[in-house]
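Undergrad:
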């Protein structure tokens, strides 16, 4: 299935050409297309599609060679199509995907994007077994094939490995000499601007004091130091006006290419440092409200909500810890909220001391951005505090970082991780899979850099709509499968506003129930049951695959290299 069209360039990609996308859909539908378009009403179209689905279901069981064919994708596609034409699903989402399809096949594309047409075309191709989902270029022939024996098989795997490394090599890390040298120049410039010394740079308190907060003066200082794009400057101004609460530390500024930027190299790190200002929703300060949030019968989060300049109370913290002490079933405690490791050493010691006095608590995890934002915060004293409470066989203590790009893996992060590991404290990463750092093999490059830093994989989390869920599933099924098992996370998670984090690897937890006219998929989520309690389903409207591919094209990527994304659901 050619998403671009013969002899065309960027502007000719099918999702930018509704007429060409409609032709693709009609070709994929075959005789089903005219039958749906000419049906007298929606119910007649529903009967027609269901009859076709039943025919395909029987064919998958009865066709010659069925026992030797991998029919998982066709069977899954048939199930999705059946769900899309169900009345109950239509009532839940408030519109009919089948009605949109029937209208489009009849030639009326009012309010219907090419991305919608290609979504249905991909489903039909999958259901009929006519999918051409290749997209890894020189690696396509190797995917799913046996390596063979002897020298020939080894040579073929060497060729595959060379291509994998070529792809990974597109993405520099914060451990590369050229990057380190560039950032040393940036560090000198930042120290001069803030009137600091080399000793100041190693002091986490100096970075905290000189962080850029949400004020016009801070924005002026940012413009003095960083060559901002017009869109970045406008978005940050809007964020400042809205009262956003994020800050940028001098160390984070040093990660940027202050003299300009190469989108191929610097885009991911700029998004991590600058776009949180521009894209995060402003919210009132919640500091001083400590709560215990249960994540299951054995798991709880101690949510400190400790914005760096927020005012906390010892009484509120004591109440939260008392609650944990009274819940004898809890074994795993996650400490979250703001950035807990920015608390004073004495407060961290106090929290650890209280948790250590609870015999039922056997795992303590501190979730932090400090290793990326201010790695010098991991002082020998802090590492020693955490290490004192790590008792093998009795209690484990771990730190979970939130690294999203290989450019965030710096020598300072390596040193911080080594200090913790020397004290027996585990260091893990919750990889935040975001659109600016989601290019082919970019996540693999990040995992490899983290492995060099001694940071082990934890979960991998995608925030709703950045990018589509299909891209994370594609990355796991294709690029990640070519890297060592120990570098991959066991859990893929969706973090959606207003809901708990839910697993993507469990296909029974989600169902594609509709596709909007703009090409956005609508999933119905069934959260995992908690201790047998009933769960409430909820709807998630994902980012459109076509919009994501357009974003990739604008950043210099070839969307054809991602063609198989349409087939991941």
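Residue numbers (the working numbering): -17 to 551. The beta-carbon is built from N, C-alpha and C at its ideal position, and this holds for glycine as well. What you are looking at is a predicted structure, and each value in this text was computed from that prediction instead of being measured.
Using DSSP with H/G/I as helix, E/B as strand and the rest coil, what is residue 507?
TA: Residue state, collapsed to three classes: strand.
Undergrad: Do three or more CB pairs link the segment 333 to 347 to the segment 367 to 383 at distances below 8 Å?
TA: Touching, yes, given that three or more Cβ pairs across the two stretches are closer than 8 Å.
Undergrad: Pick helix, strand or coil for residue 348, following the three-state DSSP scheme.
TA: DSSP places residue 348 in strand when its eight states are reduced to three.
Undergrad: Going by DSSP, name the residue or residues bridged to residue 415.
TA: Paired residue(s): 444.
Undergrad: Taking all protein chains shown into account, do 16 or more other C-beta atoms lie within 10 angstroms of the C-beta of residue 499, making it buried, or fewer, making it exposed?
TA: Classification of residue 499: buried, given that the 10 Å Cβ count is 16 or more.
Undergrad: Report the rounded CA-to-CA distance for residue 543 versus residue 229, giving the unit in angstroms.
TA: So the alpha carbons of these two residues sit roughly 36 Å apart.
Undergrad: Roughly how many angstroms lie between the CA atoms of residue 372 and residue 347, to the nearest whole one?
TA: Going from the Cα of residue 372 to the Cα of residue 347 covers about 11 Å.
Undergrad: Is the Cβ-Cβ distance between residue 107 and residue 5 less than 8 Å?
TA: No, they are not a contact pair.
Undergrad: By how many angstroms is the C-alpha of residue 146 removed from the C-alpha of residue 211?
TA: One C-alpha to the other measures close to 32 Å.
Undergrad: Can you tell me which residues form a DSSP beta bridge with residue 477?
TA: The partner list for residue 477 (beta bridge, DSSP) reads 445.
Undergrad: Which runs of the alpha helix (DSSP H), 4 residues or longer, sit entirely within the segment 136 to 170?
TA: Counting whole runs of 4 or more residues, the segment 136 to 170 contains no alpha helix (DSSP H) stretch at all.
Undergrad: Measure the Cβ-Cβ separation of residue 393 and residue 218 and say whether it is below 8 Å.
TA: Not closer than 8 Å, so no.
Undergrad: Can you check which of these residues, 152, 86, 167 and 81, is closest to residue 233 by C-alpha distance?
TA: Taking only the C-alpha atoms, the option nearest residue 233 is 167.
Undergrad: Using the beta-carbon count (16 or more within 10 Å), is residue 263 buried or exposed?
TA: Caution applies to residue 263, whose pLDDT of 41 falls short of 50 and renders its modelled position unreliable; the value that the coordinates give is listed next. The residue in question, residue 263, is exposed, as its Cβ has fewer than 16 Cβ neighbours within 10 Å.
Undergrad: Report the CB separation of residue 59 from residue 109 in whole angstroms; it is logged as a contact under 8 Å.
TA: Residue 59 to residue 109, Cβ: 4 Å. Contact.
Undergrad: Going by beta carbon distance, what residues of the same chain come within less than 6 Å of residue 368, once the five residues before and after it are set aside?
TA: Excluding residues within five positions, the ones whose Cβ falls inside 6 Å are 379 and 407.
Undergrad: Taking the straight line between their C-alpha atoms, what separation do you get for residue 237 and residue 251?
TA: Between residue 237 and residue 251, the C-alpha separation is close to 7 Å.
Undergrad: Mind checking residue 67: buried by the 16 CB within 10 Å criterion, or exposed?
TA: That one is buried.
Undergrad: State the beta-bridge partners of residue 521 as determined by DSSP.
TA: Residue 521 is bridged to 506.
Undergrad: For the beta strand (DSSP E) that residue 493 lies in, which residues bound it at each end?
TA: Note, residue 493: beta strand (DSSP E), 492 to 497.
Undergrad: If I'm right that residue 322 touches residue 350 with Cβ under 8 Å, what's the distance once you round it to whole angstroms?
TA: Yes, residue 322 and residue 350 are in contact; Cβ-Cβ is about 6 Å, under 8 Å.
Undergrad: Which residue from 529, 419, 100 and 284 puts its Cα closest to that of residue 255?
TA: Residue 255 has its Cα closest to that of 419, out of 529, 419, 100 and 284.
Undergrad: Cα-Cα, which of 426, 136, 362 and 467 is closest to residue 397?
TA: The residue with the shortest Cα to Cα distance from residue 397 is 362.
Undergrad: Let's test the definition: count the other Cβ atoms within 10 Å of the Cβ of residue 522 and tell me whether it reaches 16, buried, or not, exposed.
TA: Buried, by the Cβ-count rule.
Undergrad: Three or more C-beta pairs under 8 Å: does that hold for the segment 452 to 468 against the segment 409 to 427?
TA: These segments touch.
Undergrad: Can you name the start and end residues of the beta strand (DSSP E) that residue 276 belongs to?
TA: Segment 273 to 276, the beta strand (DSSP E) holding residue 276.
Undergrad: Cutting at 6 Å between CB atoms, please list the residues of its own chain near residue 186, excluding the five before and the five after it.
TA: Within the same chain, residue 186 has close Cβ partners 356, 358 and 359.
Undergrad: Per DSSP, which one or two residues make a beta bridge with residue 378?
TA: DSSP output for residue 378 lists 345 as bridge partner(s).
Undergrad: Am I right that residue 475 and residue 442 are in contact with their C-beta atoms under 8 Å? What's the rounded C-beta distance?
TA: About 7 Å; that satisfies the 8 Å criterion.
Undergrad: Rounded to whole angstroms, what is the Cα-Cα separation between residue 32 and residue 19?
TA: Spanning the two alpha carbons is a distance of roughly 15 Å.
Undergrad: In its own chain, which residues sit with a C-beta less than 7 Å from the C-beta of residue 401, not counting the 5 before and 5 after it?
TA: Correct list, in chain order: 360, 362 and 365.
Undergrad: Please list the terminal residues of the continuous alpha helix (DSSP H) segment that includes residue 207.
TA: Run containing residue 207: 198 to 207, per the alpha helix (DSSP H) assignment.
Undergrad: When we look at the beta-carbon of residue 546 and count the other beta-carbons within 10 Å, is it buried (16 or more) or exposed?
TA: When all chains shown are included, residue 546 counts as buried.
Undergrad: Over what stretch of residues does the alpha helix (DSSP H) that includes residue 552 continue unbroken?
TA: Only positions -17 to 551 of the chain appear in this structure, which leaves residue 552 out of reach.
Undergrad: Between which two residues does the alpha helix (DSSP H) containing residue 366 stretch?
TA: Where residue 366 is concerned, the enclosing alpha helix (DSSP H) stretches over 362 to 370.
Undergrad: Which residue comes first and which comes last in the alpha helix (DSSP H) that contains residue 465?
TA: Looking at the DSSP string, residue 465 is not in any alpha helix (DSSP H), and its letter there is neither H nor E.
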